[in-house]
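Chemist: A single structure is presented below for examination.
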Amino acid sequence: MSQRKLVVKLENVWKVYRTGRVGTIALRNVNLDISKGEFIAVVGPSGSGKTTLINIIAGLDKPSKGRVWVLGRDLGNLDEDELSRFRRGKIGFIFQQFHLIGRLTALENVEIPLMAMGLPPKEKREVALKLLREVGLGDRADHKPFELSGGEQQRVAIARALAANPELILADEPTGNLDSKTAHSVISLLKNVCRSRRVTVVLVTHNHELLKYAGRIAWLKDGEVIKVEWVA
Ligand SMILES: Nc1ncnc2c1ncn2[C@@H]1O[C@H](COP(=O)(O)OP(=O)(O)O)[C@@H](O)[C@H]1O
Ligand SMILES: [Mg+2]
13 MSQRKLVVKL
23 ENVWKVYRTG
33 RVGTIALRNV
43 NLDISKGEFI
53 AVVGPSGSGK
63 TTLINIIAGL
73 DKPSKGRVWV
83 LGRDLGNLDE
93 DELSRFRRGK
103 IGFIFQQFHL
113 IGRLTALENV
123 EIPLMAMGLP
133 PKEKREVALK
143 LLREVGLGDR
153 ADHKPFELSG
163 GEQQRVAIAR
173 ALAANPELIL
183 ADEPTGNLDS
193 KTAHSVISLL
203 KNVCRSRRVT
213 VVLVTHNHEL
223 LKYAGRIAWL
233 KDGEVIKVEW
243 VA
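Dropping the structure here:
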């Protein structure tokens, strides 16, 4: 038996959204274990439950049934304050729309999570610059988002996600707004970060070209995990 440390455990997770009299089953009895340092891709057509799954792992949404453990905590036992503190300290998010603040420079965007940690300004700047270098943007620190390409903006977002030194990175269609070549370079960067920091990455995508970067692939269809496979 391998002694791999579990980072995420979903046990018989159901999510049903009720809108008036209509119920939508977004997740159907999902069981999934994710180990430390894994790079797992979650794939499936639009509406198959990928974002719901990410939100439930992040504690942004609660399962209708079933249990969720993340980094040793049973999320069902945490209140909203505890959940948001947990997220801030342990989870890095990367989104399709980058979500950078337009009036701030790349460096200042990366500094945001560091502020909450109470670092002195000089140290904060040094850490942010180091993170920008790690994503290959040391020479873009003073650029505002509109002065950066889409791929560069997503790299800034990755640096920002790394700022709190998270143990888990949740990336929901992070290449949805990028061309194919840029998408490869962004995901290959995420893969390197996963390796060098031993951070666990959950990548939601519907771009099958990117699956080769994953160690494992979970296929979702109509809210159900229909297959989990290891990548050779
Ligand atoms: N807040 C919500 N209220 C009602 N239905 C929702 C809500 N969020 C998602 N859904 C429904 O749940 C299903 C899964 O959605 P989602 O997880 O966003 O899929 P994906 O990310 O794979 O495109 C879809 O049928 C969607 O319409
Ligand atoms: Mg989605």
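Residue numbering for the sequence shown follows our numbering, beginning at 13 and increasing consecutively. Virtual Cβ for every residue (Gly too), placed ideally from N, Cα, C. Every value quoted in this text rests on a predicted model; they were computed, and no experiment measured them.
Taking only heavy atoms of ligand 2 into account, decide whether any of them is closer than 7 Å to the Cβ of aspartate 191.
Modeler: For the purposes of this step, residue 191 is taken as residue 179 along the sequence shown, with counting starting at 1. Because no heavy atom of ligand 2 lies under 7 Å away, the Cβ of aspartate 191 does not count as near it: no.
Chemist: On a CA-only basis, which of Phe158, Ser60, Ile52 and Pro186 is nearest isoleucine 170? Give me that one, please.
Modeler: Residue numbering aside, residue 170 sits at position 158 when the sequence shown is read from its first letter. The candidate whose alpha carbon is nearest that of isoleucine 170 is Pro186.
Chemist: Tell me the rounded alpha-carbon separation between alanine 244 and glutamate 94.
Modeler: For this step, residue 244 is matched to residue 232 along the sequence shown. For this step, residue 94 is matched to residue 82 along the sequence shown. Computed Cα separation, rounded: 39 Å.
Chemist: Taking its Cβ as the centre, do 16 or more other Cβ atoms sit within 10 Å of glutamine 165, making it buried, or is it exposed?
Modeler: Sequence index remark: in the sequence shown, residue 165 carries index 153 (1-based). Looking at its Cβ environment, which holds 16 or more other Cβ atoms inside 10 Å, glutamine 165 is buried.
Chemist: Can you give the Cα-Cα distance for arginine 33 and glycine 88, rounded to whole angstroms?
Modeler: Along the sequence shown, read from residue 1 onward, the residue named residue 33 stands at position 21. Along the sequence shown, read from residue 1 onward, the residue named residue 88 stands at position 76. Near 26 Å, if we compare the C-alpha coordinates of glycine 88 and arginine 33.
Chemist: List the endpoints of the continuous alpha helix (DSSP H) containing threonine 63.
Modeler: Position 51 of the sequence shown, counted from the first residue, corresponds to residue 63. Unbroken alpha helix (DSSP H) run through threonine 63: 62 to 69.
Chemist: Please determine, among Ala53, Thr36 and Leu39, the residue with the shortest C-alpha to C-alpha distance to glutamate 221.
Modeler: Position 209 of the sequence shown, counted from the first residue, corresponds to residue 221. It is Ala53 whose Cα lies nearest to the Cα of glutamate 221.
Chemist: Pick out whichever of Arg145, Gln109, Gly104 and Ala195 has its Cα sitting closest to the Cα of proline 157.
Modeler: Here residue 157 corresponds to residue number 145 of the sequence shown, with the count starting at 1. Checked all of Arg145, Gln109, Gly104 and Ala195; the closest Cα to proline 157 is Gln109.
Chemist: Since valine 139 sits in a beta bridge, which residues does DSSP pair it with?
Modeler: Locating residue 139 in the sequence shown gives position 127, where the first residue counts as 1. Bridge partners of valine 139: none, in fact.
Chemist: Which whole runs of the beta strand (DSSP E) in the segment 127 to 206 are 3 residues long or more, in chain order?
Modeler: The qualifying runs are 180 to 184.
Chemist: Along the beta strand (DSSP E) that carries glutamate 50, what are the first and last residues, could you check?
Modeler: Position 38 of the sequence shown, counted from the start, is the residue given in the question as residue 50. Run containing glutamate 50: none; DSSP gives neither H nor E here.
Chemist: Does the beta carbon of lysine 62 fall short of 7 Å from some heavy atom of ligand 2?
Modeler: Within the sequence shown, residue 62 is the residue found at index 50, counting from 1. Yes, the beta carbon of lysine 62 sits closer than 7 Å to at least one heavy atom of ligand 2.
Chemist: Taking the alpha helix (DSSP H) that phenylalanine 98 belongs to, which residues open and close that run?
Modeler: The residue labelled residue 98 in the question sits at position 86 within the sequence shown. From DSSP, the alpha helix (DSSP H) with phenylalanine 98 extends over 92 to 102.
Chemist: According to DSSP, simplified to helix, strand and coil, what is alanine 230?
Modeler: Taking the first residue of the sequence shown as 1, we reach residue 230 at position 218. It is a strand residue.
Chemist: Is any heavy atom in ligand 1 found nearer than 7 Å to the beta carbon of serine 245?
Modeler: Nothing can be reported for residue 245: it is not among the residues displayed for the chain, which extend from 13 to 244.
Chemist: Could you check what DSSP says for alanine 118 in three-state terms: helix, strand or coil?
Modeler: Locating residue 118 in the sequence shown gives position 106, counting from the first residue. Correct three-state label for alanine 118: helix.
Chemist: Determine the direct distance from the alpha carbon of glycine 61 to that of leucine 72, and round the result to whole angstroms.
Modeler: Sequence index remark: in the sequence shown, residue 72 carries index 60 (1-based). Sequence index remark: in the sequence shown, residue 61 carries index 49 (1-based). Using only the alpha carbons, I get a separation of about 14 Å.
Chemist: Evaluate contact between the segment 20 to 28 and the segment 36 to 55, counting only Cβ atoms and requiring at least three cross-stretch pairs below 8 Å.
Modeler: Yes, since at least three Cβ pairs between the segment 20 to 28 and the segment 36 to 55 fall closer than 8 Å, the two stretches touch.
Chemist: Considering only C-alpha positions, which residue in the set Ala70, Pro57 and Gly235 is nearest to isoleucine 260?
Modeler: Any answer about residue 260 is impossible in this case: the structure gives the chain only from 13 up to 244.
Chemist: Can you check which of these residues, Ala128, Ile113 and His111, is closest to arginine 99 by C-alpha distance?
Modeler: One-based indexing of the sequence shown puts residue 99 at position 87. Ranking the options by Cα distance to arginine 99, first place goes to Ala128.
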